[in-house]
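In what follows, a single structure is set out as structure tokens and then discussed.
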Amino acid sequence: MDRWLLGFIVGAILSLLPPKVPALFYECLLIFVIIIGVLFKQWRVFACLCFGALWVLNHGDAYNSIWRDNEINSEQFFRQQHQALIEITDIPVATQTGLRFTGLIKKLEQQPLARPIKVRLSINNRYFPKNYTFQSQSQSHKNSQAQYHDDGNKSTKYRFDNLPIALHQGDVLNTKIKFKPAHGLANQGGFNYQRWLRANGIHATGYIVLKKFEATRALTKQSSQFAGVAHYSVDHSIGKSVREQLYQRVKSLTQGLSQQPLVLALLFGERSLFDEQTWQVLQATGTQHLVAISGLHVGLVVAIAYGFAKILIRVIPFYLLSARGRQVVTQRNSQFFLLSFSTLVTVFYCYLAGFSLPTVRALIFFLLFVISPLLPIRLSPTRLILLSVVVTIILIPSSVYSVSFWLSYLAVAAIMLVYWRFGFWLGKVPRRYPKVVKNIAGFMLIQIGIVILLMPVTALLFGQISTISVLANSVALPIVGLVVMPLLFIAMLLLAFGEPLFSLVANIANAVLEWLWLFLQWLSHIPSASLSLSSKQTLVICVLVLIGTLLAVFRFQRASSGYWRNSVQGKSSSKSSAILPTSVALGAIVLLSGYVPSSNRDWQVTVLDVGQGLAIVISKGDKAILYDTGNAYPSGWNLADQAVLPYLKYHGLTLDYFIVSHDDSDHAAGAPQVVTAYPDAKLIFNGELPFIVATKTHPCQQGQTLDWQGLSLTMLWPEKRAAEHNDDSCVVRISDGKASVLLTGDITKKVERQLIRDTSGLGLASDIVVAPHHGSKSSSSKDFIKHLNAKAVVFSAGYLNQWKMPSQQVVARYQDTNTQVFSTAHDGMVKFSMSATSGYEQKGWQVSTYRADISPYWFNN
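Residue numbers (my numbering): 31 to 891.
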């Protein structure tokens, strides 16, 4: 059976490799293969593999077909506003720019939908009355505003005091909405928002369109069915959910607590009050998992509920029963009572956490454990894990491309591996020491094992590792699990008997969290507490940990049980003895590859996907030049933090020069973040930045040249130092003598004509050009394109942007000259690699895009 389960899991993983979901014909072919495989015993594992692939691919097809099933033309749908009936499915969160929530569309234009569409919506605060006030919700760090959320974005959380409307989970909205497709930026090193939306079943994003923010009124049953509806209205007839009622009540009672964000995160999984400093401390100490309700918290709840139930059995006066009655209750059925009580408490806790995907996965594992005695098969620990993975994939197929899903089960696998391989060390603890010493030693052993074995995954996902996570978790886990969580559950229980009792216990829990937080803050300020890693360094760590795991499994088997000792002495001994030299050789190759410099003639130009804006990285070796940064928004969310800096860190690049073309926000708004991250980079900018001393900036003027690692950078425009207008953009031509790239900023046709005259047309010719002004009609004249004689052009523009850039007329002009066209809106990040090695001689460069070449998987696009 284990092989069948493993085959299903492998098939589910392999289903992620195709660039798009296969057509119905291939799904039917898989069904035929499965039927044939089931009939023949030797092919059943392969049949399970095909079934796993079919199940995930079918779910992917169901996600994509939501528009077809509802008879909606998606191209027209996203270009218009729609009247919709939406049920709010989570607790609305306030941001500096308004409100945000998730909901289910039940009706569109008065017509019920065949399948509800899950969307992520916002209400902009420009529709709010002028007398509303807001303040930061953060209590632990009042001076900080920016915050990270579970979707990886940075924004600012606020509490609005004078809103004319109160939205709650369970409310039904009848309003106009402008929808956007479930689309995100596509860059190496950055957060994949589009995949996050798909993993959470969200088909579209959007915002509520209001000409005027109207006061709400309760709708009658008839009006909620679109009979004489208003432009905007809310149906409160369903009322708040129990979860939100408890959340709002606890939030109000803990308003004065310094650690209110942590309390709400541990009880309800709501992390909207966390600020940037909080996330930085958690990430530096490797304790982010403590505030993300998952298997760890569910396991703690199970243990607490089980212990509490055992106490109940002891204190309940069963002595009033007969002797036989006491025996039936306390002995024969005690286990049933303990597990039933634990199950009810655990399910309720998962409900409080909003039945998030991590809590549902943990709940599935626990329920399988509870019902395992009733199953006709024996469930070993390994089989239980495999079965829970399979059941989770069947119930939630999107879990396969969810990062937290694999992190959870990898952590469980790491615990089992460490205890299986090194558990015998605990037997060497002298008997004269109390049992608690052995328990502490076992806990520390597991902590060290988890940190080491999950280090590659952490490095791959976050681009950094914590060097103090073992110490931080060794203190934080026992305190949270044995002290804070029980106190919070006692407080919730006492809430039914009065708010003073709740506040008393909550204050005790807050005091413990205050002490713990001071300790974590102190740890986070230790030098090198967190190390940022490049992709090469991450590869080295992955291989070293893999080698260590292989050595632990094969090399040291004589220290384990007789079964394994006998197997090593048998046929597997030769394979086991070959592990060490093979591992050492592989490790040496990988380690050396990380220090072998690339060819001096290799250089790259990467046009990042920054939406409606521009950011370009020119790199050679481990050095780079940055041209523009993308936009930034009032909420604090900016493209420098989301795309530019993650890309530079992912490739381990150091900035030598930072060029800002002009001072438009979609080009220069991320400059503060870049300058802070790379203070030694030379800034080339014709304008003024308030945070930069004027003498530290260098102008960009026509005729200037810059030699950088064998590359020649020629400044073609402007004629004088200015940066206020599009035509003041710094135009740069980069060349190695063979391949050349032209960066144009936002120049218009007027400057294009001037450049043709100034250079006589000869100095403009370039192999690759980044289209002026994102492909606007005001740029890219026919004469300019003719003198460029480019082989490739890149349009850096936002997906379905309101200006409809790039203009189809402009695209056609480039195509008429046989220029290869790329767009960051559709292709994601576009990377050109210039080299004289084999395979490049024909045109001197090759191109790769994120969506088609770097990450060409159906669940990403």
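For glycine and all other residues, C-beta sits at the position ideal for the given N, C-alpha and C. What you are looking at is a predicted structure, and each value in this text was computed from that prediction instead of being measured.
In terms of CA proximity to glycine 67, Gly37 leads the group Ala842, Leu46 and Gly37.
Alanine 645 and glycine 767 have their C-alpha atoms spaced approximately 24 Å apart. The bridge partners DSSP lists for arginine 150 are Thr132 and Thr235. Counting only residues of its own chain and dropping the five nearest sequence neighbours on each side, arginine 751 has a CB closer than 7 Å to the CB of Asn716, Pro729 and Gln731. Short of 7 Å from the beta carbon of leucine 440, and not among the five residues preceding or following it, lie these beta carbons of its own chain, in chain order: Leu484 and Val487. Rounded to the nearest whole angstrom, the CA to CA distance from threonine 778 to serine 564 is 38 Å. Distance between methionine 474 and alanine 502, taken at the CA atoms: about 11 Å. Linking histidine 692 to alanine 698 through their CA atoms gives a straight-line distance of about 7 Å. Note that the C-beta distance between leucine 129 and alanine 83 is not below 7 Å.
Judged by DSSP secondary structure, methionine 446 falls within the alpha helix (DSSP H) whose first and last residues are 433-452. Distance between alanine 339 and phenylalanine 81, taken at the CA atoms: about 41 Å. In the DSSP assignment, phenylalanine 862 is bridged to Val635 and Val877.
Separation of leucine 719 and lysine 712 (C-alpha to C-alpha, rounded to the nearest whole angstrom) is 14 Å.
Per DSSP, histidine 89 is not a residue of any beta strand (DSSP E); the alpha helix (DSSP H) it occupies stretches across 74-94.
Within a 10 Å sphere around the beta-carbon of serine 410 sit fewer than 16 other beta-carbons, which makes this residue exposed. Bounds of the beta strand (DSSP E) holding isoleucine 116 are 111-118. Between serine 837 and serine 806 the beta-carbon gap is near 6 Å, inside 8 Å, which marks them as a contact. In the DSSP assignment, alanine 506 forms no beta bridge with any residue. For leucine 794, the closest of Arg408, Leu772, Ser811 and Ile102 by C-alpha to C-alpha distance is Leu772. Three or more pairs of CB atoms, one per stretch, sit closer than 8 Å, so the region 394-413 contacts the region 367-380. The continuous stretches of beta strand (DSSP E) do not include lysine 679, which lies in the alpha helix (DSSP H) extending over residues 675-680.
With contacts defined by Cβ atoms closer than 7 Å, lysine 208 and glutamine 111 form a contacting pair. Separation of alanine 559 and valine 331 (C-alpha to C-alpha, rounded to the nearest whole angstrom) is 31 Å.
Runs of the alpha helix (DSSP H) lying entirely within the region 376-404, each at least 4 residues long, are 387-401 in chain order. A direct Cα-Cα distance of roughly 28 Å separates threonine 636 from threonine 235.
Looking at the backbone, the Cα of asparagine 540 and that of glutamine 289 are separated by about 6 Å. Here arginine 228 carries a helix assignment [DSSP, helix/strand/coil]. In terms of Cα proximity to threonine 568, the closest of Leu368, Ala295, Leu491 and Val800 is Leu491.
Positions of the beta strand (DSSP E) runs, each at least 3 residues long and wholly inside the region 677-746, are given as 684-689, 712-714 and 735-738 in order along the chain. Residue environment for methionine 31: exposed (fewer than 16 other C-beta atoms within 10 angstroms of its C-beta). A residue is called buried once 16 or more other Cβ atoms fall within 10 Å of its Cβ, and proline 748 is buried on that count. Under DSSP, alanine 842 takes part in no beta bridge, so it has no partner. Rounded to whole angstroms, the gap between the alpha carbons of glutamine 494 and valine 430 is 24 Å. Setting aside the 5 residues that flank it on each side, arginine 228 is surrounded in the same chain by Tyr93, Ala212, Ser428 and Phe889, each with a C-beta closer than 7 Å to its C-beta; the list follows chain order.
Taken through DSSP and simplified to helix, strand or coil, leucine 312 comes out as helix.
Within the model, the alpha-carbon separation for isoleucine 480 versus phenylalanine 814 is close to 59 Å.
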